[in-house]
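To start, the structure under review is shown below, and the notes come after it.
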Amino acid sequence: MNSPLKTRPEAEPVLDEAGFRRFDRMVHALMGKAEGGLSPVSLWLAWADWAAHLAMSPGKQAELGYNALARAQQLAAEVQCQLRGGRADGLDCVTPFKSDRRFAGTEWKKFPFSLYAQSFLATEAWWKEATTGLSGVESAHEKLVAFYGRQFLDMMAPSNFLATNPDLITRTREEGGRNLIRGAHYLAEDMRALTQGADEEAQFRPGETVALTKGRVVFRNRLIELIQYAPVTKTVQATPLLIVPAWIMKYYILDLTPPESLIAWAVAQGFTVFCISWKNPDEEDRNLGFDDYRELGVMAAMDAIGRITGAPKVHGLGYCLGGTLLSVAAAAMARDGDDRLASLTMLAAQVDFTEAGELSLFTNEDQLALLEDMMWQEGFLDKTAMAGTFSMLKSKDLIWSKMIHDYMLGEREQGSALGDWSHDATRMPYRMHSEYLRHLFLANDLAEGRMEAAGSHVMLRDIRCPVFAVATERDHIAPWQSVFKLTWLLGGEVTFALIAGGHNSGIVSPPGNARAKYRLLTHVHGAPHPGPEDWAETVAPVAGSWWEPWGAWLSAKGAGEKIAPPAPGPDLGAAPGSYVFGR
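At position 407 of the sequence shown (counting the first as 1) the number is 407 in the working numbering, and the numbers step up by one without a gap.
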């Protein structure tokens with residue numbers, strides 16, 4: 001018997017599988033923007049892992065309880081001593097839990113402010129114990145919980161509040177509150193700039209106050225401008241120098257004001273210097289990949305330098321991500337029998353990302369998927385997302401100290417060339433940044449031999465040209481112990497320099513800097529491999545800038561006598577070019 005219901009023809013789906021995926025990506029992108037590019041799922045998973053294992057660890061709970069009681073007793077002794085008028089010799093009533101420059105002033109040693117400071121430091125120490133050393137918790141989750149715990153504690157530090165900061169109270173009394181009025185004005189200015197999407201007014205502008213070394217753009221493609229700098233010596237080294245900066249920021253970190261310009265210094269030492277200035281990519285560049293940066297960047301620059309100078313070899317210098325890219329290019333050249341590299345200089349550049357510092361906290365599968373969906377929607381990762389991440393890594397200095405200084409003390413810091421440069425970030429194409437994070441940070445493909453260039457694998461041990469690697473002691477982006485691995489992974493001679501300072505301040509450290517110092521190691525292939533900490537403990541630091549031993553090393557690695565400066569290449573405009581102004 002026929003059914004009274006008529007068979008309905010199969011309808012065409014409103015959305016195919018790709019359509020549903022696009023809908024997911026739109027939701028994830030909106031969530032990522034609302035969360036400042038950070039995944040709440042990653043934090044929840046880390047918290048759940050830590051909390052579950054803590055709940056199953058009665059011994060750890062007992063230890064934390066005992067430590068909390070001991071610290072409470074120490075704080076009680078602090079209060080009793082302060083109520084009796086303190087110690088006669090003026091020293092601390094009890095040994096401080098640790099030193100912290102936020103509480104370095106003498107007023108912080110007086111009651112009740114000493115109690116505020118010591119209570120905070122005791123809580124900070126207890127939280128560190130609670131989030132570390134818990135058996136069974138994944139290492140990445142442990143680090144993430146500890147990191148966000150520090151963020152919360154730094155936000156609640158007594159130094160951040162008017163009522164609990166003696167220095168702020170004193171200033172406010174002296175000025176009758178005028179400092180708070182100025183601070184409110186500065187806060188309104190900053191909020192207006194933030195909500196209107198306006199960039200901060202830069203005091204140091206390329207071509208006017210920074211990036212002043214004379215030169216011209218001699219090559220341009222869709223991704224780079226290549227700048228050739230004018231010689232200032234009668235003769236020059238026969239082997240030119242190519243500088244490959246990181247593409248996340250503008251190149252002029254190496255050409256700041258004249259005393260701080262590594263480029264100007266190198267030109268004065270008799271080197272023919274070329275530097276890549278990366279284009280700030282937009283939506284049309286969304287499909288530019290990591291290998292495009294190698295081909296259109298490093299290799300295109302190498303070809304142009306060869307045509308212009310006729311030199312058979314080139315020194316390569318890579319800074320941060322530019323050094324990582326240059327190492328991939330060098331390995332591919334070695335694989336293909338291209339011997340044009342006379343040497344490599346790696347400045348705060350990693351090739352092994354198993355110890356990638358606190359940036360690795362934001363490079364798990366969940367976080368990466370969220371970033372990819374954000375980039376997929378716009379075609380690039382906006383510079384504000386990365387700026388927020390870097391601020392979180394040093395929130396104590398970049399967020400809370402700024403809040404106190406600007407909005408409570410009512411003072412504006414004088415601009416600096418390095419400070420303005422640090423706000424001059426760039427975007428990153430969807431495909432390139434995704435490949436970079438997945439292949440390097442997440443999978444560590446370069447160090448483990450799985451990285452590809454031009455469709456074939458590259459191996460770091462194929463790099464046999466001499467290498468000068470520079471690492472900084474206080475680098476929170478490329479920890480020096482990670483950079484030290486270059487002495488193990490490359491196939492040739494590696495000279496390693498450990499220098500004082502941070503990721504940027506250590507590199508921009510010209511001769512004459514009173515705080516500059518360095519340690520040197522030359523490792524020959526086949527020799528024993530020292531551990532980084534063991535080596536550092538046995539080598540005394542030498543006072544002075546690393547620029548000078550590097551310049552001598554680079555001169556020794558050049559081929560032939562000094563020559564007359566080569567003729568400049570095609571004139572496509574004066575340095576610093578046009579790409580540096582891309583917004």
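Ideal Cβ positions, reconstructed from N, Cα and C, are used throughout, including at glycine.
None of the values given here were measured: they were computed from a predicted structure.
Best match in Gly-310, Met-459, Leu-326 for proximity to Tyr-293 [C-alpha to C-alpha]: Nearest of Gly-310, Met-459, Leu-326 to Tyr-293, Cα basis: Leu-326.
Rounded C-alpha distance that separates Gln-80 from Asp-100: Roughly 23 Å separates the two Cα atoms.
Identity of the residue in Ala-230, Trp-278, Asp-475, Arg-178 nearest Pro-646 by Cα: The first residue shown for the chain is 1 and the last is 583, placing residue 646 beyond what the model contains.
Gly-419 versus Lys-557: straight-line alpha-carbon distance, rounded: Rounded to whole angstroms, Gly-419 to Lys-557 spans 34 Å at the Cα level.
Expected contact under 8 Å - CB spacing of Trp-421 and Tyr-579 to nearest Å: Rounded to whole angstroms, the Cβ separation of Trp-421 and Tyr-579 is 15 Å, and the two are not in contact under 8 Å.
Those runs of the alpha helix (DSSP H) which lie wholly inside the region 405-432 and span at least 4 residues: Inside the region 405-432, DSSP marks whole alpha helix (DSSP H) runs of 4 or more residues at positions 417-422, from first to last along the chain.
Sequence-distant residues of the same chain with beta carbon closer than 8 Å to Arg-427, five excluded per side: For Arg-427, same chain residues with a beta-carbon under 8 Å away, outside a window of 5 residues either side, are Asn-280, Pro-281, Asp-282, Phe-380, Leu-381, Asp-382, Lys-383 in chain order.
Alpha-carbon spacing of Glu-548 relative to Val-508, whole angstroms: Using only the alpha carbons, I get a separation of about 13 Å.
Beta-carbon separation (whole angstroms), Trp-126 vs Leu-64, contact threshold 8 Å: With a contact defined as Cβ atoms closer than 8 Å, Trp-126 and Leu-64 qualify at about 7 Å.
Coarse secondary structure for Cys-601, derived from DSSP in three states: Outside the shown range of the chain (1 to 583) lies residue 601, about which nothing can therefore be said.
C-beta contact flag for Tyr-319 and Leu-347 at 8 Å: One thing to note: Tyr-319 has its Cβ within 8 Å of the Cβ of Leu-347.
Start-to-end residues for the alpha helix (DSSP H) that takes in Arg-335: Looking at the DSSP string, the run of the alpha helix (DSSP H) that includes Arg-335 is 321-335.
Environment of Trp-480 [buried if 16+ CB atoms lie within 10 Å]: Buried.
DSSP beta-bridge partners of Ser-343: Ser-343 has His-315 as its beta-bridge partners, per DSSP.
Identified DSSP bridge partners for Trp-278: Paired residues: Ile-224.
Under 8 Å between C-beta atoms of Thr-309 and Thr-272: When the beta-carbon positions are compared, Thr-309 and Thr-272 come within less than 8 Å of each other.
Euclidean distance between Cα positions of Asn-287 and Ser-434: Cα to Cα, Asn-287 sits roughly 10 Å from Ser-434.
Between the CA atoms of Trp-535 and Ala-443 - distance to the nearest angstrom: Those two C-alpha atoms are separated by around 28 Å.
Alpha-carbon to alpha-carbon, Lys-110 and Met-156: A direct Cα-to-Cα measurement between Met-156 and Lys-110 gives close to 20 Å.
Lys-110 in three-state terms, based on DSSP: Reduced to three states, the DSSP call for Lys-110 is coil.
Validate contact between the region 205-221 and the region 246-266 using beta carbons, cut 8 Å, 3 pairs: The region 205-221, when compared against the region 246-266, does touch it at the 8 Å Cβ threshold.
Given Asn-364 as reference, the closest of Leu-440, Gln-377, Met-403, Gly-410 once Cα atoms are compared: When each option's Cα is compared against that of Asn-364, the closest is Leu-440.
Nonlocal neighbours in the same chain, by C-beta distance under 6 Å from Asn-2, ignoring five residues either side: Confidence at Asn-2 is low in this model, with a pLDDT of 46, below 50, so the placement of that residue is unreliable and no value is reported for it.
Where Phe-103 falls, given that 16 or more other Cβ within 10 Å makes a residue buried: Residue burial is scored here from C-beta neighbours: Phe-103 has at least 16 other C-beta atoms within 10 angstroms and is therefore classed as buried.
Whether Glu-533 touches Gly-501 by CB criterion (8 Å): The answer is no: Cβ separation not under 8 Å.
Tyr-436 classed as buried or exposed, judged by whether at least 16 other C-beta atoms fall within 10 angstroms: Burial call: buried.
Contact set for Arg-519: own chain, Cβ-Cβ below 6 Å, skip 5 residues either direction: Counting only Cβ-Cβ distances below 6 Å, and skipping sequence neighbours, we find Leu-498, Val-539, Pro-541.
The region 460-468 in contact with the region 481-496 per 3-pair CB rule at 8 Å: With contact defined as three or more Cβ pairs closer than 8 Å, the region 460-468 and the region 481-496 are in contact.
Euclidean distance between Cα positions of Leu-5 and Arg-22: Below a pLDDT of 50, predicted positions are generally treated as unreliable, and Leu-5, at 43, falls in that range; the measurement from the model is reported next regardless. Computed Cα separation, rounded: 36 Å.
Segment limits, beta strand (DSSP E) that includes Thr-495: Per DSSP, Thr-495 belongs to the beta strand (DSSP E) from 494-499.
DSSP three-state assignment for Thr-522, whether helix, strand or coil: The DSSP-derived three-state label of Thr-522 is strand.
For Ile-276 and Val-314, believed in contact at Cβ under 8 Å, the rounded distance: No, Val-314 and Ile-276 are not in contact; Cβ-Cβ is about 12 Å, not under 8 Å.
Neighbourhood of Glu-174 by C-beta distance below 6 Å, restricted to the same chain and skipping five residues each side: In its own chain, leaving out the 5 sequence neighbours on each side, no residue places its CB closer than 6 Å to the CB of Glu-174.
Rounded separation between Asp-445 and Gln-414 - CA only: Between Asp-445 and Gln-414, the C-alpha separation is close to 43 Å.
Val-217 and Gly-573 closer than 8 Å at C-beta: Yes, these two residues count as a Cβ contact at 8 Å.
Minimum Cβ-Cβ distance from Lys-128 to chain C less than 8 Å: In the displayed structure, chain C is absent; only one protein chain is listed.
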